[in-house]
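Enquirer:
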Amino acid sequence: MRAVSAACLAAASLALSARSEASSPAVDYAVHCQGCHLRDGSETPGRVPALAGSLARFARVPGGRAYLVRVPGVAQSPLDDAALAALLNWVLLRFDPGGVPADFSPYSAEEVGRLRRLPLSDVAGARRRLMDEVSPAPRP
Amino acid sequence: MENPEGRIDRWLERRARLLARRTSRRSFLTRLAAVVLGSAAFPLLPVARAGGTAARAPAPDEAGLKGEAADPTSCQYWRHCAIDGLLCSCCGGTQNACPPGTEMSRVTWIGTCRHPADGKDYIISYNDCCGKSFCGRCQCNRNEGEKPVYVTPKNNDIVWCFGTKSTAYNCSTAIVLGIATEG
Chain A
1 MRAVSAACLA AASLALSARS EASSPAVDYA VHCQGCHLRD GSETPGRVPA LAGSLARFAR
61 VPGGRAYLVR VPGVAQSPLD DAALAALLNW VLLRFDPGGV PADFSPYSAE EVGRLRRLPL
121 SDVAGARRRL MDEVSPAPRP
Chain B
1001 MENPEGRIDR WLERRARLLA RRTSRRSFLT RLAAVVLGSA AFPLLPVARA GGTAARAPAP
1061 DEAGLKGEAA DPTSCQYWRH CAIDGLLCSC CGGTQNACPP GTEMSRVTWI GTCRHPADGK
1121 DYIISYNDCC GKSFCGRCQC NRNEGEKPVY VTPKNNDIVW CFGTKSTAYN CSTAIVLGIA
1181 TEG
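Residue numbers (my numbering), protein chains in the order written: chain A, 1 to 140; chain B, 1001 to 1183.
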């Protein structure tokens, strides 16, 4: 199940590989993300985590901002750095506008290009550690 | 003795006046409109469709298409450029709706296909229908743009029946989500 989930996270799917026409974050979201994350960014319980009302939590903890770029579905997408930066900014503001920190600075193409080249070898572990930061587990 | 026809006349007159008092042309029109609009809305009602219809763009006109590109039961149907599966159009459903007794998966493989008449690219969602065993008819594997499994973001060797009650795969739809090209 985790394998399917990870595959799905990565499997934002695409059929037309060399699209020359101008694109937009909304179209890129539909083509690359929506297959799993759905039009409204809601979760599929146990399979696909919610973006809506949830995603910007990552932007508020150390390492979270980088994680959102390094997670395989994002880092390995066929989009170029500029389109990917625009898509990330769009997704954050579209699905979790209330959670975006006031001092949030949008991703730049340069930042995305740098971060997506840092492989995340233990995705599930990285996510778990970040989630602990976001909502610390009660300790005895 | 009273003429029986007169009695019938009076009875009919009473009924007619009662009817006229209790109803109006306007209420008749209201009811007629409800029936007409209800009939028009009926096809929207019961079958499983992907994620609500509100925000979906209308499908492009297919009336001008000819041959297999216009045939939803053909692998060459224009929307099937990226499909990998059995066509619901051959399995008791349509290109937009699941066969009775199956549930449409919300998570889905998405592709873009060029409409042969208007030359624009459309975003197509190949929602799987789940809950019954393999339909077995009209298997298509065009998968344009798909990459080997080691390029996971662009590989389609996934049964998308997760998040549904049953993971049994029956067939695939091909729903137009919107237009992918701009300007």
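Built from N, CA and C at the ideal position, the CB exists for glycine as well. Quick caveat: nothing in here was measured; it's all calculated off a predicted structure.
Just verifying my parser: in three-state terms, what is the DSSP assignment at S1089 (chain B)?
Expert: The answer is helix: DSSP assigns S1089 (chain B) an H, G or I state.
Enquirer: What residue range is occupied by the uninterrupted alpha helix (DSSP H) comprising I1008 (chain B)?
Expert: Per DSSP, I1008 (chain B) belongs to the alpha helix (DSSP H) from 1004 to 1022.
Enquirer: Across which residues does DSSP place Y1126 (chain B) in a beta bridge pair?
Expert: DSSP output for Y1126 (chain B) lists B:W1109 as bridge partner(s).
Enquirer: Between the stretch 46 to 66 of chain A and the stretch 1134 to 1141 of chain B, are three or more C-beta pairs nearer than 8 Å?
Expert: Touching, no, given that fewer than three Cβ pairs across the two stretches are closer than 8 Å.
Enquirer: Quick check: the Cα distance between R1007 (chain B) and G1101 (chain B), rounded to an integer number of angstroms?
Expert: In a straight line, the C-alpha of R1007 (chain B) is about 59 Å away from that of G1101 (chain B).
Enquirer: When the Cα of M1174 (chain B) is compared with those of B:M1104, B:F1134, B:D1118, B:G1136, which residue comes out closest?
Expert: This sequence places Ala at residue 1174 (chain B); Met is not what is there. For A1174 (chain B), the nearest C-alpha among the options comes from B:M1104.
Enquirer: With 16 as the cutoff for other CB atoms within 10 Å, does F1134 (chain B) come out buried or exposed?
Expert: That one is exposed.
Enquirer: Give the DSSP-derived three-state secondary structure of H32 (chain A) in the structure shown.
Expert: Correct three-state label for H32 (chain A): helix.
Enquirer: List, in chain order, every chain B residue whose beta-carbon is nearer than 7 Å to that of S121 (chain A).
Expert: Correct list: empty, because the minimum Cβ distance to chain B is about 15 Å.
Enquirer: If I'm right that G1136 (chain B) touches L1086 (chain B) with Cβ under 8 Å, what's the distance once you round it to whole angstroms?
Expert: That pair is a contact at about 7 Å.
Enquirer: Taking the straight line between their C-alpha atoms, what separation do you get for P1024 (chain B) and G1092 (chain B)?
Expert: For clarity, residue 1024 (chain B) is Ser in the given sequence; the question names Pro instead. Spanning the two alpha carbons is a distance of roughly 45 Å.
Enquirer: Within 9 Å (strictly less), CB to CB, does S54 (chain A) reach chain B?
Expert: Taking Cβ atoms only, chain B never reaches closer than 9 Å to S54 (chain A), which makes this a no.
Enquirer: Let me know if K1165 (chain B) comes out buried or exposed under the rule of 16 or more other beta-carbons within 10 Å of its beta-carbon.
Expert: Per the 10 Å Cβ criterion, exposed.
Enquirer: Using beta carbons (cut-off 9 Å, strictly below), is R70 (chain A) in contact with chain B?
Expert: Cβ-Cβ to chain B under 9 Å: no for R70 (chain A).
Enquirer: Would you list, in chain order, the members of the stretch 72 to 83 of chain A that have their beta-carbon closer than 8 Å to a beta-carbon of chain B?
Expert: Taking 8 Å as the Cβ-Cβ cut-off against chain B, the residues of the stretch 72 to 83 of chain A that qualify are P72, G73, Q76, S77, P78.
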